[in-house]
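All remarks here apply to the structure that follows.
Protein chains: 2
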Amino acid sequence: MEVTVPDRRNSILDAAVRVIARAGVRGLRVEELAAEAGVSMALIYYHFGDRAGLLRRTLEHINDRAASYTRKPAGPDPRREVERLLLLELQDTDEVRVNSTAWGELRATAVFDDDLREPLAASTKVWVDEIAAAITRAQRAGSVSGNVRPAEAADLLTALVEGLSDRWLSGSMTLARARRLLRGAIAAELD
Amino acid sequence: MEVTVPDRRNSILDAAVRVIARAGVRGLRVEELAAEAGVSMALIYYHFGDRAGLLRRTLEHINDRAASYTRKPAGPDPRREVERLLLLELQDTDEVRVNSTAWGELRATAVFDDDLREPLAASTKVWVDEIAAAITRAQRAGSVSGNVRPAEAADLLTALVEGLSDRWLSGSMTLARARRLLRGAIAAELD
Numbered sequence: 005m006e007v008t009v010p011d012r013r014n015s016i017l018d019a020a021v022r023v024i025a026r027a028g029v030r031g032l033r034v035e036e037l038a039a040e041a042g043v044s045m046a047l048i049y050y051h052f053g054d055r056a057g058l059l060r061r062t063l064e065h066i067n068d069r070a071a072s073y074t075r076k077p078a079g080p081d082p083r084r085e086v087e088r089l090l091l092l093e094l095q096d097t098d099e100v101r102v103n104s105t106a107w108g109e110l111r112a113t114a115v116f117d118d119d120l121r122e123p124l125a126a127s128t129k130v131w132v133d134e135i136a137a138a139i140t141r142a143q144r145a146g147s148v149s150g151n152v153r154p155a156e157a158a159d160l161l162t163a164l165v166e167g168l169s170d171r172w173l174s175g176s177m178t179l180a181r182a183r184r185l186l187r188g189a190i191a192a193e194l195d
Numbered sequence: 005m006e007v008t009v010p011d012r013r014n015s016i017l018d019a020a021v022r023v024i025a026r027a028g029v030r031g032l033r034v035e036e037l038a039a040e041a042g043v044s045m046a047l048i049y050y051h052f053g054d055r056a057g058l059l060r061r062t063l064e065h066i067n068d069r070a071a072s073y074t075r076k077p078a079g080p081d082p083r084r085e086v087e088r089l090l091l092l093e094l095q096d097t098d099e100v101r102v103n104s105t106a107w108g109e110l111r112a113t114a115v116f117d118d119d120l121r122e123p124l125a126a127s128t129k130v131w132v133d134e135i136a137a138a139i140t141r142a143q144r145a146g147s148v149s150g151n152v153r154p155a156e157a158a159d160l161l162t163a164l165v166e167g168l169s170d171r172w173l174s175g176s177m178t179l180a181r182a183r184r185l186l187r188g189a190i191a192a193e194l195d
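Each protein sequence line maps, in turn, to chains A and B. Residues in the first sequence are numbered from 5 upward in steps of one, following my numbering. Residues in the second sequence are numbered from 5 upward in steps of one, following my numbering.
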C-alpha cells in the first residue's frame with residue numbers, strides 16, 4: 005500500500021509530539037526527529053520549513069490528536085457531554101499523557117518564544133470554542149443554568165484543566181484528585 | 005554596612021529568578037547567574053552545591069518572594085482576603101510577572117526533571133495551605149459556605165490561578181479577563 009503525503013506528514017508530527025513529551029521542546033532537534041519518524045532530515049525541512057514552522061504544525065496536530073479521543077459520539081445528556089469532554093484530558097493513558105505533556109511544554113515555551121504565541125492562542129481557541137459549543141448545547145437542552153456564559157465558562161474550565169493537568173504531570177497531585185476537583189468545579193460553574 | 009551571608013544568598017536567588025524568567029531554566033547557567041548577581045561562580049557553588057540544589061532553593065525563594073507581596077495586613081473581611089491573596093498572583097507588575105514566569109517555567113521543567121518534583125510539590129503545598137487557612141478563617145467568620153472543604157477549594161483555586169497565569173503570560177488571554185474569570189470562580193466555589 006502506498007504511503008500518502010498526508011500520512012507521512014502525520015507520522016512526522018506524531019513523532020514530534022512524542023519527542024517533545026519525552027525531552028521537551030529543547031530536545032526537538034531535526035536529527036532526532038528524523039530518527040524517531042524514520043525519515044530523512046530533508047523530508048522534514050521539505051514539509052515544515054524551519055523549526056518554527058514545525059512547532060506551529062505540531063501545536064495544531066496536538067489538537068487534532070485530542071479530537072480523536074474526545075470526538076466520540078455524543079451521549080444523550082449534553083450536560084454530561086461537557087463533563088466527558090473535559091475529563092478526557094485527565095486520563096492515565098499513554099495517548100493523553102503524551103499529548104498533555106507536549107501541550108504543556110509548548111505552552112511553557114510560548115512564554116519565552118514569541119513565534120509560538122499566536123499559533124498557541126489559535127490552537128487554544130479551537131479547544132475553548134469546542135467546549136463553549138458543548139455548554140451552549142447543554143444550556144439549550146435546559147441542563148445548564150441560563151445564567152452561565154458559555155464562552156467564559158469554557159475559558160475558565162479549560163484553563164483549570166491545564167492547571168490540574170500540570171499538577172498531575174509534574175507529580176504534585178494525583179490524577180484521581182485532579183479529576184474529582186474538576187468535576188466539582190464543573191458543577192459549581194454550570195449548575 | 006556589611007553584607008550578611010543571608011543577604012548575599014538572597015541576592016543570588018533573586019538573580020536566579022530573574023534569569024529563569026528571562027531565559028528559562030535552560031538559560032540558567034552558573035556563569036550567567038554569577039554575572040547577573042555580581043558574584044563569583046565559586047560563591048554560587050559554595051552556597052548551593054550543584055545546579056539541582058540551586059533550583060530547589062530557587063523554588064522556595066519564589067514562595068518567599070510571593071509572600072512579600074501577599075503577606076500584607078489582612079483586611080477586616082476574611083472572605084475578601086481569600087480573593088485578594090489569589091488575585092495578587094495575577095497583577096501586571098514586574099515583580100509578579102517575573103515571579104510567575106519563573107514559577108511556571110520551573111513547573112514545566114519538573115515534568116521532565118525528577119529532581120524538581122519533590123521540591124515543587126513541597127513549595128506548592130506551602131502556597132495551597134496558606135490559601136486553605138484563609139478559607140478556613142472566612143468559613144469561621146461565616147462568610148464562606150459551611151459546605152466548602154478548604155483544602156479542596158484551595159487546591160482547585162490555586163491550580164486555576166496557575167492555568168490562568170500561564171494563559172496570560174503566554175499571550176492567550178488578557179490579564180483583565182483572567183482576573184474576572186478568577187473572581188467568578190471564587191464566588192462559584194465559596195459562596
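Glycine included, C-beta positions come from ideal geometry on N, C-alpha and C.
> Closest Cβ-Cβ distance between B/R171 and chain A: below 7 Å?
Replying inline: yes
> What residues of chain A sit near B/R111, judged by a beta carbon separation below 7 Å?
Replying inline: D170 and S174
> Leaving out the 5 sequence neighbours to the left and right, which residues in its chain are closer than 7 Å to B/A106 when beta-carbon positions are compared?
Replying inline: V21, I24, A25 and I66
>> Given this structure, state the Cα-to-Cα distance separating A/A158 from A/A145, to the nearest angstrom.
In response: 17 Å
> Taking 7 Å as the CB-CB limit, is A/T105 close to chain B?
Replying inline: yes
> Closest Cβ-Cβ distance between B/T128 and chain A: below 7 Å?
Replying inline: yes
>> Please report the straight-line C-alpha distance between A/V180 and A/V165, rounded to a whole angstrom.
In response: Going by the sequence as given, residue 180 of chain A is Ala instead of Val. About 13 Å.
> Can you list the residues of chain B that A/R60 reaches, using a CB-CB cut of under 9 Å?
Replying inline: Simply none; closest approach about 14 Å.
>> Taking 8 Å as the cut-off, does the region 167-183 of chain A touch the region 165-176 of chain B (at least 3 CB pairs, one atom from each stretch)?
In response: yes
> Between the Cα of A/A56 and the Cα atoms of A/T113, A/D98, A/Q95 and A/V9, which residue gives the shortest distance?
Replying inline: A/T113
>> With a threshold of 7 Å between beta carbons, is A/E134 in contact with chain B?
In response: no
>> Strictly below 7 Å CB to CB, what residues from chain A border B/L124?
In response: S174 and S176
> What's the C-alpha gap between B/L92 and B/D118?
Replying inline: 30 Å
> For B/A70, is the classification buried or exposed, using 16 other Cβ atoms within 10 angstroms of its Cβ as the cut-off for buried?
Replying inline: buried
> What does A/E36 touch in chain B if you count any residue whose Cβ is under 7 Å from its own?
Replying inline: Here the premise fails: no neighbours, minimum Cβ distance about 15 Å.
> Is the region 126-136 of chain B touching the region 185-194 of chain A in the sense that three or more CB pairs, one from each, lie closer than 8 Å?
Replying inline: no
>> Counting only Cβ pairs nearer than 9 Å, list the residues of chain A close to B/E156.
In response: R181, R184, L185 and G188
> Leaving out five residues before and five after A/N103 in sequence, what residues of the same chain have Cβ atoms less than 7 Å from its Cβ?
Replying inline: V21, I66, R69 and A70
>> Would B/I135 and B/V148 qualify as a contact pair, given that the criterion is a beta-carbon distance under 7 Å?
In response: no
> Can you give the beta carbon distance from A/L161 to A/L90, rounded, assuming they're within the 8 Å contact cut?
Replying inline: 6 Å
> How would you label A/P123, buried or exposed, when you count the other beta carbons within 10 angstroms and need 16 or more for buried?
Replying inline: buried
> Between B/M45 and the rest of its own chain, which residues show a CB-CB distance below 7 Å, the 5 nearest in sequence each way excluded?
Replying inline: V34, E35 and A38
> So which of B/V43, B/A142 and B/V29 has the shortest CA-CA distance to B/R12?
Replying inline: B/V43
> With 16 as the cutoff for other CB atoms within 10 Å, does B/R111 come out buried or exposed?
Replying inline: buried
> Where in the region 18-76 of chain B do unbroken runs of the alpha helix (DSSP H), each at least 4 residues long, occur, reported from the N-terminal end onward?
Replying inline: 34-41, 45-52 and 55-74
>> Taking the straight line between their C-alpha atoms, what separation do you get for A/N151 and B/A19?
In response: 47 Å
>> Quick check on DSSP: helix, strand or coil for B/Q143?
In response: helix
> B/L160 lies in the alpha helix (DSSP H); which residues open and close that run?
Replying inline: P154 to L173
>> I need the DSSP call for A/P80, collapsed to helix, strand or coil.
In response: coil
> Using a Cβ-Cβ cut-off of 7 Å (strictly less than) and excluding sequence neighbours within five positions of A/R183, which residues of its own chain qualify?
Replying inline: L91 and L94
> Rounded to the nearest angstrom, how far is the Cβ of A/R121 from that of B/S174, given a contact under 8 Å?
Replying inline: 6 Å
> So what does DSSP say about B/E93, is it helix, strand or coil?
Replying inline: coil
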